[in-house]
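**Student:** So in the working numbering, spot 183 of the sequence shown is number 1156, and the numbers just go up one at a time.
Using N, Cα and C, we set each Cβ at its ideal position, and we do this for glycine too.
Note that the structure is a prediction, hence the values are computed from the model and not measured.
Here it is, the structure in full.
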Amino acid sequence: MKYYKILIAVIILFNVQDIDIAYAGSAGSNYTFETMNIVNMPTAGNIPLKDQYLELYFSQNSCLGIKVLDAPFHNFYFGIAESATNFFGDGDITFQKYPGLIANYRILNEGKYYPAIGIGINTQGRGNFNEATDEFNFNSPGLYLAMSKSFLWSFGYFGLHIGTNYSFEPNSGNRKVNFYFGIEQSIANKASINLEYDMNSPENPGIVFNKALLNLALRYSLDDRITIDLNFLDLFNTKSSVMRYLRLEGDVRLF
974 MKYYKILIAV IILFNVQDID IAYAGSAGSN YTFETMNIVN MPTAGNIPLK DQYLELYFSQ
1034 NSCLGIKVLD APFHNFYFGI AESATNFFGD GDITFQKYPG LIANYRILNE GKYYPAIGIG
1094 INTQGRGNFN EATDEFNFNS PGLYLAMSKS FLWSFGYFGL HIGTNYSFEP NSGNRKVNFY
1154 FGIEQSIANK ASINLEYDMN SPENPGIVFN KALLNLALRY SLDDRITIDL NFLDLFNTKS
1214 SVMRYLRLEG DVRLF
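Printed below as a string of C-alpha cells:
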C-alpha cells in the first residue's frame, strides 16, 4: 500500500509535460515570479492568483522531494509536500511519516520604502527523513514570519530577506525561536546567487557565529520557463558535511 505515494508522484510528473508554463523563472534581473526561498528558508514571496507552484528536489541517498502549491486567493497560497529516500535504485524506499503542510498569507505587499511581509507555516524539512527521530537532516521552518525587500542598482536586482521561525521537529526540550536572514543578487538576465544565514537556534543556543547554518544557492532560469537551483546547505559543517541538492521549480498552471 505504501507504493500509492509513488503512483501519485508519477501521475504528477507525467502531467508536467502538458503544463502551460505561464511565467519565466525566478532568477535573474528578468524574473517574472518571486523567489519563494532564500535557500532553505522562506521569503515573503508569493504566487500569482490562480496559479500553481511545482517544485522537485533531488538530494543524497536518491532522495526525491515534490511540492505542489496553489494560490486560490490574492496573496495566499497553500499546498503539500512529500519526499522519499532510496526512490531510485533497488533499495527499500522510505517515505516521510506525514506529508508536509504549507500555507502562507502576505499581510503586506512591498512598497517603495517598506518590505513585503508574509506569515505562514511549512512543516517540510530537507534531506533524508529519519524514522527513529521523526526528523529530517534539516528541520522544517515550522511557523514563520518573513520580510523581503528588493532594490535595483548598477549590478541588477538585490534582495534582502529577514525572518523568524519556530520549528516543531526538534524534541520539545530543544525547540526555540529562530532567526535567519539572507541576500539575493541577480547576475545578468537569468541567473542569481543567494546566500542565507540561519542561526539554527535549536542546535546553537549560544548563537555562535560558525555554528549556525550558512547556505548557498546558485540559480538559473532555464529558457524562461523554469528555474534550476544548485543548493549547498551547511557550509560551516556544523552537522557533519555540506549537503548538496538540485531543485527545479516553476510557476505553472496545473488546473
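With C-beta atoms as the reference, is D1202 less than 8 Å away from R1217?
**Tutor:** no
**Student:** On the three-state DSSP scale, how would you describe F1182?
**Tutor:** helix
**Student:** What does the alpha-carbon distance come out to for the pair M1014 and P1114?
**Tutor:** 7 Å
**Student:** Beta strand (DSSP E) containing D1024: first to last residue?
**Tutor:** No beta strand (DSSP E) contains D1024, which DSSP labels as neither H nor E.
**Student:** Starting from the C-beta of T1211, find all residues in its chain whose C-beta is less than 6 Å away, skip the five residues before and the five after it, and write them out in chain order.
**Tutor:** K1184
**Student:** Answer yes or no: do G1098 and E1142 have a C-beta to C-beta separation smaller than 8 Å?
**Tutor:** yes
**Student:** Helix, strand or coil: which one does DSSP assign to N1095?
**Tutor:** strand
**Student:** Taking contact to mean 3 or more Cβ pairs, one atom from each stretch, closer than 8 Å, check whether the region 1102-1120 and the region 1051-1071 are in contact.
**Tutor:** yes
**Student:** What are the boundary residues of the beta strand (DSSP E) that D1202 is part of?
**Tutor:** From DSSP, the beta strand (DSSP E) with D1202 extends over 1199-1206.
**Student:** Just mark V1181 as buried or exposed, buried being the case when its beta carbon has 16 or more other beta carbons within 10 Å.
**Tutor:** exposed
**Student:** What are the partner residues of V1012, as DSSP defines its beta bridges?
**Tutor:** Beta-bridge pairing links V1012 to no other residue.
**Student:** Going by other Cβ atoms of all chains shown within 10 Å of its Cβ, with 16 needed for buried, is Y996 buried or exposed?
**Tutor:** The predicted model places Y996 with a pLDDT of 40, which falls under 50 and marks its position as unreliable; any figure quoted below should be read in that light. Under this definition Y996 is a buried residue.
**Student:** Around the Cβ of N971, are there at least 16 other Cβ atoms within 10 angstroms (buried) or fewer (exposed)?
**Tutor:** Only positions 974 to 1228 of the chain appear in this structure, which leaves residue 971 out of reach.
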